[in-house]
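Below is one structure, written out as structure tokens; comments come after it.
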Amino acid sequence: MNLLDILQFAEEYLKKYSFSKSRLESEMLIADVLHLDRLSLYVNYDRMLQEEEKLEIKRYLYQMAKSQKSFRELREEREEVNFQEENKKLLQQSIDYLKKYGVPNAKLDAEYIFAEVLQVNRNMLKLYLHREIAEKEKQNLREKLIQRGKFRKPLQYILGKWEFYGYEFITDERALIPRADTEILVEQAKILSLEKENPSILDIGTGSGAIAITLAKEVPEAEVLGIDKSEKALSLAKENKEYQLVRNVSFLQSDLFEALQGKRFDIIVSNPPYISQEEYEDLMPEVKKYEPKNALTDEGDGYSFYQKIIQQANSHLQKKGYLLFEVGYQQAQQVKEWMEEENFEGIYIAEDYGGHQRVVLGRKGGEK
1 MNLLDILQFA EEYLKKYSFS KSRLESEMLI ADVLHLDRLS LYVNYDRMLQ
51 EEEKLEIKRY LYQMAKSQKS FRELREEREE VNFQEENKKL LQQSIDYLKK
101 YGVPNAKLDA EYIFAEVLQV NRNMLKLYLH REIAEKEKQN LREKLIQRGK
151 FRKPLQYILG KWEFYGYEFI TDERALIPRA DTEILVEQAK ILSLEKENPS
201 ILDIGTGSGA IAITLAKEVP EAEVLGIDKS EKALSLAKEN KEYQLVRNVS
251 FLQSDLFEAL QGKRFDIIVS NPPYISQEEY EDLMPEVKKY EPKNALTDEG
301 DGYSFYQKII QQANSHLQKK GYLLFEVGYQ QAQQVKEWME EENFEGIYIA
351 EDYGGHQRVV LGRKGGEK
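With full-length UniProt numbering, letter number 112 in the sequence shown gets 112, and the count goes up by one each step, no holes.
Following this line, the structure appears as structure tokens:
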């Protein structure tokens, strides 16, 4: 059977299944299988076809008749399947690469990186693996995977954005990465703010501004002030304020209460540096190499900032105002005792999502 014979056969076959452009469809199909330009088919009309070429053409004809789809539609579907398999393989290779370097949650991190490069939501990633990944995108993937794997840069800094309490924040090395456990502190402060009319809230050690900005968004009638000793952290907090388009929050450089003489608040929250120097030495490389050390540890036993804040908090709280802390592992009881010594009342310890004591809060008692 030569080329002209198979062309006539294909045309008659498609006509039988009501294809209106059966000749054109046949030409496109055969040209593709034989790797020829469609217009050059008739120059090669006497070419004899090999068995595998005839079989491939007949497979296409059968699929077209069965699905009532044009050759172009079927070709695109095949390409999508091919891209999908290739991209799944690339994703798995990326996961294996991160695992090789000991990255925790390698699968999740690889998916986040793919989603970022392909500019899709991670939860929808599998639906977008059917398309071709351009060479420029592959290079971007390689660069980000090397940062995460070989250099152990935190995923949140690679992406440049991270979600906290349902809001997206800019993240980089100027401040700590917002963590899910800290949402418990925000939740407790939000609940207490309901007791106050137009509450004033102070966030000590605001860092990226995640706590302060989230409270400003969740409690729109509140006036929130975030303070930090670090100029770099404050610059990031201000960027996040603009990014979130929130107006009832402001930021001020202050070493604890130093710049707040005479100011009082209904609620004071703080997630201070509470990791001891000994614990700091054992932290994951992502944390030690990239996150600011002075936001993680007091370079002592991890308790110094709690003591300083508790001793001065009464002078900066309104009557029946609240003080809330995020605390580290096995620190809650000690912080509770110090708050009791400073006459705080109704002290409560809240647990995080993992069942660990994470927040200590209390109400200002009699005037000190």
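Just so you know, even glycine gets a beta-carbon here, dropped at the ideal spot from N, CA and C. All values derive from a computational prediction rather than experimental measurement.
Could you check if residue i is buried or exposed, using at least 16 other CB atoms within 10 Å of its CB as the buried criterion?
i	result
S270	buried
D203	buried
V359	buried
N87	buried
N240	buried
L361	buried
V43	exposed
L127	exposed
R174	buried
L142	According to the sequence as given, residue 142 is Arg; it is not Leu. Exposed, by the Cβ-count rule.
Y348	exposed
F164	buried
R38	exposed
Q311	exposed
G102	exposed
To the nearest angstrom, how far is it from the Cα of residue i to the Cα of residue j?
i	j	result
M284	Q330	20 Å
K368	I191	The pLDDT assigned to K368 is 45, lower than 50, so where the model puts this residue is not dependable; a value taken from the coordinates is nonetheless given after this. Roughly 26 Å between the two C-alpha positions.
E197	E116	42 Å
Q50	K15	25 Å
Y353	D181	7 Å
S250	E340	31 Å
F114	E291	24 Å
Q277	N294	11 Å
F257	Y167	28 Å
Y243	I146	29 Å
G346	L324	12 Å
E135	F71	27 Å
G205	L225	11 Å
residue 431	S315	Because residue 431 is not part of the residues shown, which for the chain are 1 to 368, the question remains open.
residue 379	I170	The chain is shown from 1 up to 368; residue 379 falls before or after that span and cannot be answered.
E132	L118	10 Å
K246	K138	Lys is not the amino acid found at residue 246; the sequence shown has Val there. About 37 Å.
What did DSSP end up calling residue i once you bin it into helix, strand or coil?
i	result
S250	strand
S315	helix
R75	helix
M64	helix
K368	Residue confidence is low: K368 scores 45 on pLDDT, short of 50, so the model does not pin down where it sits. No coordinate-derived value is stated.
Y42	helix
Y243	helix
R152	coil
I284	Correcting the residue identity first, residue 284 is Met in this sequence and not Ile. Coil.
E95	Before going on, a small fix: residue 95 reads as Ile here, not Glu. Reduced to three states, the DSSP call for I95 is helix.
residue 369	Not covered by the structure: residue 369. The range shown for the chain is 1 to 368.
F19	coil
K320	strand
I133	coil
F257	coil
V224	strand
E326	strand
E291	coil
G354	coil
Y157	helix
The alpha helix (DSSP H) that contains residue i, what's its start and end?
i	result
D5	L3 to K16
A332	A332 to E341
I177	It is not in any alpha helix (DSSP H) - I177 carries neither H nor E in the DSSP assignment.
A110	A106 to L118
I211	A210 to E218
With respect to the beta strand (DSSP E) encompassing residue i, which residues constitute its N-terminal and C-terminal limits?
i	result
S276	Note, S276: premise wrong, no beta strand (DSSP E); not H, not E.
S26	S26 -> not in any beta strand (DSSP E); alpha helix (DSSP H) instead, spanning S22 to L34.
V359	Q357 to R363
D203	S200 to I204
K161	K161 to F164
E351	E345 to E351
E197	From DSSP, E197 is part of no beta strand (DSSP E); its letter is neither H nor E.
Y167	Y167 to I170
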